[in-house]
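Trainee: Structure in structure tokens, see below.
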Amino acid sequence: MENKEKISNVENVVIIGSGPAGYTAAIYAARANLQPLLVTGFNSGGIPGGQLMTTTFVENYPGFPDGVLGPELMDLMKAQAERWGTNLYESDVVSINTDSHPFELKTLEGTIKSNSIIIATGASANRLGVINEDKFWSKGISACAICDGATPQFRDEELAVIGGGDSACEEAAYLTKYGSKVHLIVRSEKLRASAAMVDRVKANPKIEIHWNTKVDKVDGSEWLERIETIHSQEGKGEINIKGLFYAIGHTPNTKFLDNKIDLDNKGYIACKSGRPETSIEGIFAAGDVVDSEWRQGVTAAGTGCMAALATERWLAEKNLAKTIVRETPEPDKKLNSSDFNEEEVNEDTFDSNSEWQKGSYALRKLYHESKKPILVIFSSPSCGPCHVLKPQLKRVIKELDGAVLGVEIDIDKDQDIAKQAGINGTPTVQLFKEKLLKKQWQGVKQRSEFKEAIKNII
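Okay, so the sequence shown: first residue is 169 according to the numbering used here, each after it adds one.
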């Protein structure tokens with residue numbers, strides 16, 4: 169649904185955030201015929217889908233005995249929320265006005281009015297602030313091993329992960345698929361991860377743990393080449409690496425609230441124990457934005473359910489609910505999880521007029537022969553942001569009625585092309601016209617940004 173269509177309405181409930189808490193709240197609110205509006209978020213709280221979009225296998229979520237990819241789990245939640253009538257709004261909420269009712273939510277596109285709000289904005293990965301960090305960010309430093317680990321610059325090189333929790337251990341284990349060795353930098357004398365994860369890391373011969381160590385400086389020329397460390401007893405040291413990945417905790421995404429809702433001393437939304445109500449009547453909260461302790465997908469989903477039920481009850485008590493009855497379609501068996509299983513085209517299957525194709529053969533043919541602009545996404549199957557961005561790019565191409573052609577390159581399969589293109593993270597999108605690179609983006613951007621750039625060169 170186009171964002172501009174929703175601006176003038178007064179909603180029953182607006183849900184801010186699209187992680188497990190947000191989508192679960194949306195499912196319950198939609199099944200209560202409230203037709204919730206869910207603001208997915210783009211920049212202020214990370215990519216749509218939340219932190220599970222940057223994980224590999226989730227093996228502790230009930231109902232998946234063999235585990236499930238984090239992005240796939242979020243695709244399923246999204247599809248379920250939409251099936252029951254949730255409207256998605258692709259934007260960020262930059263502020264809310266709690267001084268009057270209905271509440272007003274200011275977004276990047278305009279203002280939304282709503283009788284109630286569920287805040288499920290989660291938390292964002294922290295940075296260290298070490299010397300030269302900004303210089304080498306995305307040039308060797310990343311906060312997402314799952315997103316960027318497969319890029320050519322990291323293959324067969326020594327890498328490092330900073331952190332001592334489950335995320336750090338998972339990322340270290342994941343990176344051993346690509347790096348020649350992984351250094352796990354732990355500032356204390358023990359890991360905070362689960363026993364199973366600790367055993368997994370210690371048993372991996374490609375992982376070396378550096379206890380009681382912190383990073384003081386990162387350095388190199390054009391790309392990260394080494395880190396300078398300080399050991400609590402042995403003093404300064406140096407490790408030569410080509411990739412540094414942060415897994416050092418999170419900060420709650422509450423800045424946009426501007427202290428209009430009570431927060432605790434860590435910046436998380438303050439709710440009564442076991443309850444989703446905030447300090448403002450009619451505004452509820454769920455997920456990691458209220459949880460500094462457990463921070464699990466399943467606990468976030470549970471609080472999303474609680475917030476939706478509490479919202480439904482509050483709207484009924486205040487006689488504010490507008491019941492919206494709709495026919496629920498049959499479940500889509502395909503969903504979005506199969507979207508990345510498309511076959512790469514070859515000489516027999518290539519179509520110069522096809523709006524979207526996959527693989528190096530398609531890219532080479534279009535690059536040399538097409539008169540139309542080419543939009544290329546460099547992705548990886550385990551990259552959560554790629555799952556978010558790819559359908560958005562397809563939608564842009566359809567909206568432009570074939571004026572631009574799309575190609576997907578899997579950097580796991582087409583390493584040489586990714587290296588030649590200078591790709592250092594996924595998703596990366598490049599826009600070409602007549603063999604010239606016109607524009608490049610890294611990460612998830614709004615659809616309007618891609619459309620504007622393409623229109624400018626057509």
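Glycine included, each C-beta is placed from N, C-alpha and C at the ideal position.
Note down the Cα distance separating Leu599 from Ala318, rounded to an integer number of angstroms.
Mentor: Their Cα atoms are separated by approximately 22 angstroms.
Trainee: So, are the CB atoms of Asn421 and Val457 less than 8 angstroms apart?
Mentor: Yes.
Trainee: Could you tell me how far apart the beta carbons of Ser627 and Leu573 are, in whole angstroms, since I believe they sit closer than 8 angstroms?
Mentor: Residue 627 falls outside the range modelled here, since the chain spans only 169 to 626, and no answer is possible.
Trainee: If you count every other CB in all the chains shown that lies within 10 Å of the CB of Gly465, and 16 or more means buried, which is it?
Mentor: Gly465 comes out buried.
Trainee: Can you confirm whether the stretch 236-247 touches the stretch 399-416 when touching is taken to mean that 3 or more C-beta pairs between the two stretches lie within less than 8 angstroms?
Mentor: Contact between the stretch 399-416 and the stretch 236-247 is absent, because fewer than three Cβ pairs lie under 8 angstroms.
Trainee: Cα separation between Ile395 and Asn300?
Mentor: Going from the Cα of Ile395 to the Cα of Asn300 covers about 10 angstroms.
Trainee: Under three-state DSSP, which class holds His555?
Mentor: His555 falls in the helix class under three-state DSSP.
Trainee: Rounded to whole angstroms, what's the CA-CA distance from Pro320 to Thr289? Just pull it up for me.
Mentor: Each residue's alpha carbon lies about 33 angstroms from the other.
Trainee: Starting from Trp482, trace the alpha helix (DSSP H) both ways and give me its first and last residue.
Mentor: Start and end: Gly465 to Glu485.
Trainee: DSSP has Gln203 in a bridge; who is on the other side?
Mentor: The partner list for Gln203 (beta bridge, DSSP) is empty, contrary to what the question assumes.
Trainee: Just list the beta strand (DSSP E) runs in the stretch 372-408, keeping only unbroken ones of 3 residues or longer that don't cross its boundaries, in chain order.
Mentor: For the stretch 372-408, whole beta strand (DSSP E) runs of length 3 or above, ordered along the chain, are 375-378, 381-388, 392-399 and 403-408.
Trainee: Taking the straight line between their C-alpha atoms, what separation do you get for Ile542 and Ala200?
Mentor: Going by the C-alpha atoms only, they are around 44 angstroms apart.
Trainee: Is Glu567 closer than 8 angstroms to Lys619 when the C-beta atoms are compared?
Mentor: Yes, the pair counts as a contact, with Cβ atoms nearer than the cut-off.
Trainee: Who pairs with Ile183 in a beta bridge, going by DSSP?
Mentor: Bridge partners of Ile183: Leu206 and Ile286.
Trainee: Which stretch, first to last residue, makes up the beta strand (DSSP E) that contains Gln525?
Mentor: Gln525 -> beta strand (DSSP E) spans Trp524 to Lys526.
Trainee: If we ignore side chains and look at the alpha-carbon of each, how far apart do Ile195 and Leu327 end up?
Mentor: Going from the Cα of Ile195 to the Cα of Leu327 covers about 41 angstroms.
Trainee: Spell out a yes or no on whether the stretch 246-259 and the stretch 414-429 are touching, meaning 3 or more CB-CB pairs, one atom from each, closer than 8 angstroms.
Mentor: Touching, no.
Trainee: Could you tell me which of Tyr346, Trp391 and Glu277 sits nearest to Val309, measuring between CA atoms?
Mentor: Per the sequence presented here, residue 309 reads as Ile, with Val not at that position. The shortest C-alpha separation from Ile309 is found at Trp391.
Trainee: Hey, Val544 and Val575: beta-carbon distance below 8 angstroms or not?
Mentor: Contact flag set, yes.
Trainee: Can you name, in chain order, every residue of its own chain whose Cβ lies under 7 angstroms from the Cβ of Cys439, other than the five neighbours on each side?
Mentor: Hits under 7 angstroms: Glu445, Thr446, Ala453 and Val458.
Trainee: Does the beta-carbon distance from Ile577 to Leu531 come in below 8 angstroms?
Mentor: It is a contact, given that the beta carbons lie within the stated cut-off.
Trainee: Alpha carbon to alpha carbon, how far is Val354 from Val383?
Mentor: If you take the alpha carbons of Val354 and Val383, they lie about 10 angstroms apart.
Trainee: Just the Cα atoms here: how many angstroms apart are Ala571 and Cys315?
Mentor: Looking at the two C-alpha atoms, the distance is approximately 30 angstroms.
Trainee: Between Glu526 and Glu512, is the Cβ-Cβ spacing less than 8 angstroms?
Mentor: Note that residue 526 corresponds to Lys in the displayed sequence, not to Glu. A contact, by the Cβ cut-off of 8 angstroms.
Trainee: What did DSSP end up calling Val544 once you bin it into helix, strand or coil?
Mentor: In this structure, Val544 counts as strand in the three-state DSSP scheme.
Trainee: Can you list, in chain order, the residues of its chain with a C-beta nearer than 7 angstroms to that of Lys374? Leave out the 5 residues immediately preceding and following it.
Mentor: Thr344, Lys349 and Val350.
Trainee: Report yes if the C-beta of His351 is less than 7 angstroms from at least one heavy atom of the ligand MG; otherwise report no.
Mentor: This structure lacks the ligand MG, and indeed carries no ligand of any kind.
Trainee: For a test of the three-state rule: what should DSSP assign to Phe413, helix, strand or coil?
Mentor: Three-state result, Phe413: strand.
Trainee: Could you check where the beta strand (DSSP E) with Asn255 kicks off and where it finishes?
Mentor: Per DSSP, Asn255 belongs to the beta strand (DSSP E) from Asn255 to Tyr257.
Trainee: With burial defined as no fewer than 16 other Cβ atoms inside 10 Å of the residue's Cβ, what is the status of Trp157: buried or exposed?
Mentor: The structure shown does not extend to residue 157, since the chain is modelled only from 169 through 626, so no value can be given for it.
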